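Residue numbers for the sequence shown follow the numbering used here, so the first one is 101 and each next one is one higher. Don't be surprised by glycine CBs; every beta carbon is placed ideally from N, CA and C. Here the structure is a predicted model, which means the values were calculated and not measured. This report concerns only the one structure given below.
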Amino acid sequence: MGTSSSTTAQKSLKSSVQPSSVGMDQCRQILLNFLKEMDVNDFFTAPVDPVALNIPNYLEIIKEPMDLGTIENRMNVNVIDSPQEFARLVRLTFTNAIKYNSLPDNPVHRAARDMLSIFTSRFGTIDKAFEAAKKNKKL
101 MGTSSSTTAQ KSLKSSVQPS SVGMDQCRQI LLNFLKEMDV NDFFTAPVDP VALNIPNYLE
161 IIKEPMDLGT IENRMNVNVI DSPQEFARLV RLTFTNAIKY NSLPDNPVHR AARDMLSIFT
221 SRFGTIDKAF EAAKKNKKL
């Protein structure tokens, strides 16, 4: 009887962890692809340094700075534990760039807009898998 109870508890534990693990490998792959394949990724791979870039108002305009390198570091130490949080942070990276570099012909603005579009198309299947796993957990 103890074994049956233990097995049931293990199954329950696995099903409760399932949604957060669904898609995280794919999220990591998307991030690695961005870091490798995009020519303009230098804009997004490290935190913005307002002093070095001589943009003292950056932190007044951008309240939650984010970059792909920070996302990668957070994923490596399991701080980001869901596809939703991963997607929020990646989108934040690009929307921050679009917001601060507001002129549509600005190279950073254009690169961020393009990468946001690519991310949205790549992330769609992961988001659907995560939502399906959450629903299955409730069954």
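Taking 4 residues as the minimum length, the alpha helix (DSSP H) runs contained wholly in the region 143-173 are 158-161, in order along the chain. A straight line joining the alpha-carbon of Val208 with that of Arg191 spans about 15 Å. Its Cα nearest to that of Leu132, the residue Asn176 stands out among Lys163, Asn176, Met166 and Glu160.
With respect to Met166, Asn201 sits apart: the two C-beta atoms are not nearer than 8 Å.
By a beta-carbon distance limit of 8 Å, Phe144 contacts Leu168. Their separation comes to about 5 Å. With contacts defined by Cβ atoms closer than 8 Å, Leu159 and Ile171 do not form a contacting pair. Ile130 places its beta carbon 8 Å or farther from that of Phe194. Restricting attention to Gln184, Asp205 and Asn206, the CA atom closest to the CA of Phe219 is found in Gln184. Nearest neighbour of Asn173 by Cα position, chosen from Asp205, Ala146, Gly123 and Pro204, turns out to be Ala146.
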